[in-house]
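Asks: One rule links them: number in the working numbering = place in the sequence shown (from 1) + 3. No residue lacks a Cβ here, since even glycine has one placed at the ideal position from N, Cα and C. Before anything else, here's the structure in question.
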Amino acid sequence: MLSVAVLISGAGSNLRALLEAADAPGFPARIVVVGADREADGLQHAEDFGIPSFTVPYARFASREEWGAELDGQLRVWRPDLIVLSGLMRLLPPSVVDAWSPRIVNTHPAYLPEFPGAHGVRDALAAGAVQTGASVIVVDNGVDSGPILAQERVPVLPDDDEHTLHERIKPVERRLLIDVVRRVATGELDLAGASTPR
Ligand code: GRF
């Protein structure tokens with residue numbers, strides 16, 4: 004049974020979907036802990052499912068590295084087989100990525116390598132894209148630059164704004180993420196072997 008830690012910063016709707024999937028009989032992974040870089044609303048989902056959680060408030064640390072060291076310490080308590088960044092709006096410091104890579108995956112609301120970074124949805128709209136997408140990648144020390152594990156196109160509609168487009172992307176992200184976690188858990192997907200020529 005693959006043990007999974009999920010890190011969030013926001014509403015955690017993707018986390019909720021993963022918790023529901025993992026709650027189903029026969030799912031080969033379980034969420035063992037939820038972590039956040041702030042008092043995220045999404046922590047309520049962990050409580051609803053009786054999953055432990057921790058918060059490492061980014062604002063309380065003098066540097067990304069010090070924040071990362073505390074986050075790493077918390078993760079080592081739980082020793083997850085896989086770390087899922089699902090709406091974590093922070094770049095992990097290299098010390099954390101290097102300690103856990105390639106067992107860290109991230110969801111991104113764009114069809115990478117298109118529109119990387121914190122505003123992928125907004126950037127797709129600003130670019131006038133007629134389609135964007137959702138991607139699940141292995142986290143490396145770049146910005147959304149790691150090997151692509153799964154991705155799918157999502158249409159942009161003429162009257163879309165950032166919210167409506169993001170809400171259309173998220174269900175696709177959730178489905179891709181749940182499937183990636185399942186495939187990692189069954190051994191079908193080998194993260195160490197994942198590589199995408201960029
Ligand atoms: C997701 O689209 C994720 O890919 C992006 O931020 C969003 C988080 O949404 N980084 P939620 O917190 O899971 O609702």
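Near residue 31, which residues of its chain fall below 8 Å by C-beta distance, leaving aside the five closest residues on each side in sequence?
Replies: As a working note, residue 31 is residue 28 in the sequence shown. So the qualifying residues of the chain are 4, 5, 185, 188, 189.
Asks: So residue 16 and residue 39 are in contact, right, with Cβ under 8 Å, and what is the actual spacing, rounded?
Replies: Here residue 16 is taken as the residue at index 13 of the sequence shown, counted from 1. Here residue 39 is taken as the residue at index 36 of the sequence shown, counted from 1. No, residue 16 and residue 39 are not in contact; Cβ-Cβ is about 14 Å, not under 8 Å.
Asks: Would you be able to state if there are at least three C-beta pairs under 8 Å between the segment 114-132 and the segment 145-152?
Replies: yes
Asks: Is there contact here, the segment 123-138 with the segment 165-173, by at least three beta-carbon pairs under 8 Å?
Replies: Touching, per the Cβ criterion.
Asks: Counting C-beta neighbours from all protein chains within 10 Å, is the total for residue 45 16 or more, i.e. buried, or is it exposed?
Replies: Taking the sequence shown and counting its residues from 1, the one referred to as residue 45 is at position 42. Its Cβ being crowded by 16 or more others within 10 Å, residue 45 is buried.
Asks: Could you tell me which of 142, 161, 113 sits nearest to residue 103, measuring between CA atoms?
Replies: In the sequence shown, counting from the first residue as 1, residue 103 sits at position 100. Taking only the C-alpha atoms, the option nearest residue 103 is 142.
Asks: Around the Cβ of residue 193, are there at least 16 other Cβ atoms within 10 angstroms (buried) or fewer (exposed)?
Replies: Counted from its first residue, the sequence shown places residue 193 at position 190. Answer is exposed; the Cβ neighbour count stays below 16.
Asks: Have a look at residue 95 and residue 68 and give me their C-alpha separation to the nearest angstrom.
Replies: Residue numbering aside, residue 95 sits at position 92 when the sequence shown is read from its first letter. Residue numbering aside, residue 68 sits at position 65 when the sequence shown is read from its first letter. Their backbone Cα atoms lie some 8 Å apart in a straight line.
Asks: Does the beta carbon of residue 169 fall short of 7 Å from some heavy atom of the ligand GRF?
Replies: As a position in the sequence shown, residue 169 is number 166, starting the count at 1. Yes, the beta carbon of residue 169 sits closer than 7 Å to at least one heavy atom of the ligand GRF.
Asks: When the Cα of residue 176 is compared with those of 7, 153, 195, 161, which residue comes out closest?
Replies: Here the question's residue 176 lines up with position 173 in the sequence shown. That would be 153, whose Cα lies nearest to the Cα of residue 176.
Asks: With a cut-off of 8 Å on the beta carbons, I'd call residue 48 and residue 78 a contact; round off their distance for me.
Replies: Here the question's residue 48 lines up with position 45 in the sequence shown. Here the question's residue 78 lines up with position 75 in the sequence shown. Actually they do not touch by this definition, with Cβ atoms about 19 Å apart.
Asks: Could I get the ranges of all uninterrupted beta strand (DSSP E) runs contained in the segment 25-76, with 3 residues as the minimum, in chain order?
Replies: 32-39, 56-58
Asks: Is the beta carbon of residue 37 sitting closer than 8 Å to the one on residue 81?
Replies: On the sequence shown, position 34 is the one that residue 37 refers to. On the sequence shown, position 78 is the one that residue 81 refers to. Contact flag unset, no.
Asks: Starting from residue 111, follow its DSSP beta bridges and name the residues at the other end.
Replies: Start at 1 with the first residue of the sequence shown, and residue 111 comes out as number 108. Answer by DSSP bridge pairing, in chain order: 138.
Asks: Return helix, strand or coil for residue 89, following the three-state DSSP convention.
Replies: To locate residue 89, count along the sequence shown from 1; it is residue 86. Coil at residue 89, not helix or strand.
Asks: The ligand GRF and residue 14: does any heavy atom of the ligand fall closer than 7 Å to the residue's C-beta?
Replies: Start at 1 with the first residue of the sequence shown, and residue 14 comes out as number 11. True, at least one ligand heavy atom lies under 7 Å from that Cβ.
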